[in-house]
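**Student:**
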DNA sequence: ACGATTATGTGAATACTTCATGACACCGGC
DNA sequence: GCCGGTGTCATGAAGTATTCACATAATCGT
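Protein chains in written order, with this note's numbering: chain F, 1 to 230; chain X, 231 to 460.
(1) For the beta strand (DSSP E) containing residue 391/X, list its first residue and its last residue.
(2) Under 9 Å between C-beta atoms, does residue 185/F make it to chain X?
(3) Rounding to the nearest angstrom, what Cα-Cα distance links residue 426/X and residue 228/F in this structure?
(4) Determine, using beta carbons only, whether residue 144/F and residue 403/X come nearer to each other than 9 Å.
(5) For residue 260/X, which residues does DSSP report across the bridge?
(6) Closer than 8 Å by C-beta to residue 122/F: which residues in its own chain qualify, once you throw out the five before and the five after it? Chain order, please.
(7) Alpha carbon to alpha carbon, how far is residue 111/F from residue 341/X? Give it in angstroms, no decimals.
(8) If we ignore side chains and look at the alpha-carbon of each, how far apart do residue 461/X and residue 154/F end up?
(9) Whose C-alpha, out of 420/X, 244/X, 399/X, 407/X, is nearest the C-alpha of residue 445/X?
(10) Please tell me whether residue 94/F has its Cβ less than 9 Å away from any Cβ of chain X.
(11) By DSSP, does residue 147/F sit in helix, in strand, or in coil?
(12) Buried or exposed for residue 32/F, going by 16 or more other Cβ atoms inside 10 Å?
(13) Using a Cβ-Cβ distance cut-off of 9 Å, determine whether residue 57/F contacts chain X.
(14) Keeping to the same chain, check which residues put their C-beta closer than 6 Å to that of residue 212/F; ignore five residues upstream and five downstream.
(15) What separation, rounded to the nearest whole angstrom, lies between the Cα atoms of residue 363/X and residue 369/X?
(16) Can you find a CB in chain F that lies within less than 9 Å of the CB of residue 451/X?
(17) Can you tell me the Cα-Cα spacing of residue 272/X and residue 394/X, whole angstroms?
(18) For residue 456/X, go through chain F and note every residue whose CB falls closer than 9 Å to its CB, in chain order.
(19) DSSP on residue 222/F, reduced to helix/strand/coil?
(20) Between residue 448/X and chain F, is there a C-beta pair that is closer than 9 Å?
(21) Residue 161/F: which of 175/F, 180/F, 152/F sits nearest, CA to CA?
(22) At 8 Å on the CB atoms, spell out the chain X contacts of residue 165/F, in chain order.
(23) Using the C-alpha atoms, what's the distance from residue 297/X back to residue 322/X?
(24) Report whether the distance from the Cβ of residue 160/F to the nearest heavy atom of the ligand ZN is below 8 Å.
(25) Buried or exposed: residue 187/F, going by 16 or more other Cβ atoms within 10 Å of its Cβ?
(26) Between which residues of its own chain and residue 440/X is the CB-CB distance below 6 Å, once the five residues before and five after are set aside?
(27) In this structure, does DSSP put residue 348/X in helix, strand or coil?
(28) Based on Cα-Cα distance, which residue from 208/F, 16/F, 199/F, 80/F lies nearest to residue 61/F?
(29) With distances taken between CB atoms, is the gap from residue 56/F to residue 34/F smaller than 9 Å?
(30) Quick check on residue 101/F: does DSSP put it in helix, strand or coil?
(31) Note the first and the last residue of the continuous beta strand (DSSP E) segment covering residue 368/X.
(32) Less than 9 Å separating the beta-carbons of residue 251/X and residue 339/X?
(33) Answer yes or no: do residue 17/F and residue 51/F have a C-beta to C-beta separation smaller than 9 Å?
(34) Measuring only the C-alpha atoms, how far is residue 360/X from residue 27/F?
(35) Within 9 Å (strictly less), CB to CB, does residue 17/F reach chain X?
(36) Would you kindly report the start and end of the unbroken beta strand (DSSP E) that includes residue 307/X?
Okay, structure coming up:
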């Protein structure tokens, strides 16, 4: 599951550099040169993050951000704004316009990538490749492996995604519908009760080490991963 | 498989010193004295790394870097920038996103070689000529040979590249698409399923020594070399 | 407290997907 | 033409996903 980033930037040079650096680090990159095409691209395929230049021909970056935030389907997408100079950053009437972070040009690739990771971690922790740990469980997306008390777990792909999501969002209840959205995809037609079966299989895999207790049922609401036992 | 380096440097003295030192250590060295000739050389033969002076007659080093990054065929080439003074280094780093590393003159040959190796290892560890070892497997790019528990393996060129890549990137899952990019090249049109066949051939070669278990299938994700057995 | 009602757990059947494997065709070099 | 190396395909095997039917458990109104 690779992370998709939409770059909205009119200057071809910077566009290319961004594209290159992001692709180099495993992101799937889409590009738009102005606000209108960015928005129409967004309606087609939802990326996991938008890199948005502040100065754009036609519709300004701020306007684009505003429209994204006003669209029910898009509003949850993290936005990082690229601003030309530090002074302009102050002009921006703040983060309330919808951007999750700002980067002022010129910036280093290192800074860019760091901020992207930070924003993603904040907004969608399961999209990072960082290893996750919780209560004796460890999951490493890079090697695609999970361990319970140091012992490797045998998980199917779906169970792996489920556990990954739960571990990156602990102590929080998710309805079956939410879990379907997060671990299957938005437009999938699957019975909600199917979740139950995968939960059972996940519990089954965690059983030998006793970690199955972490996956808790919240009657009438959904499921939760919690280190606090009932 | 010798590593080719293109040196772009206008001052004849430094040019000679670089050429000598690099050749001394087994690199194949190409030389250009200005940006234009560098670019035209690049279109002819793609080196594995570019040593690029920041101050050049005519087109600046930064501009050359930018053009390299804008060229689809060249963009993946690692670049090390040579800058005259430490102060300039900061300037450059902020402005330019294309270089992989910087060296400030004057520099010792030792530092130069170390950085080259580091960059190559970071960008494409399988391009280094260092022998690799993992779990009883040993692979030496220089002699183009691989051993399992001391016994020579009979590998085709493709299987060799695959094994080399896996050994330089262990404990990490790669999708078939990624493996195609890494071991075949981006612009190659090959069925993804073909990977399966080469994996089998590689496993077949490793079988007699039992090392075939290291090449693991990750269902739904790709393949992985891991010393941790399932 | 009771049964009715609703929600969840579980095992098994079935439909799918993905992967391993062997056979074979192709291609360039000798 | 032979040969090693390579890419493609067909097929069967293995592994997963989804659904269903029914068991079990929690909740609610009376």
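C-beta: ideal position from N, C-alpha, C; glycine also.
Remember, it's a predicted structure, so these values are computed and weren't measured experimentally.
**Tutor:** Result, derived from the coordinates:
(1) No beta strand (DSSP E) contains residue 391/X, which is instead part of the alpha helix (DSSP H) from 387-398.
(2) no
(3) 44 Å
(4) yes
(5) 236/X
(6) 78, 100
(7) 25 Å
(8) Because residue 461/X is not part of the residues shown, which for chain X are 231 to 460, the question remains open.
(9) 399/X
(10) No answer about residue 94/F holds up, because its pLDDT of 46 lies below 50 and its placement is not dependable.
(11) strand
(12) buried
(13) no
(14) 203, 206
(15) 6 Å
(16) yes
(17) 26 Å
(18) 143, 145
(19) strand
(20) yes
(21) 180/F
(22) Neighbours of residue 165/F on chain X: none; closest Cβ ~16 Å, over 8 Å.
(23) Low local confidence applies: a pLDDT of 47 at residue 322/X is under 50, so the model's placement there is unreliable, with the coordinate-based value given in what follows. So the two alpha carbons sit approximately 16 Å from each other.
(24) For the ligand ZN, the structure offers nothing, since it holds no ligand at all.
(25) exposed
(26) none
(27) helix
(28) 80/F
(29) yes
(30) strand
(31) 367-370
(32) yes
(33) no
(34) 29 Å
(35) yes
(36) From DSSP, residue 307/X is part of no beta strand (DSSP E); its letter is neither H nor E.
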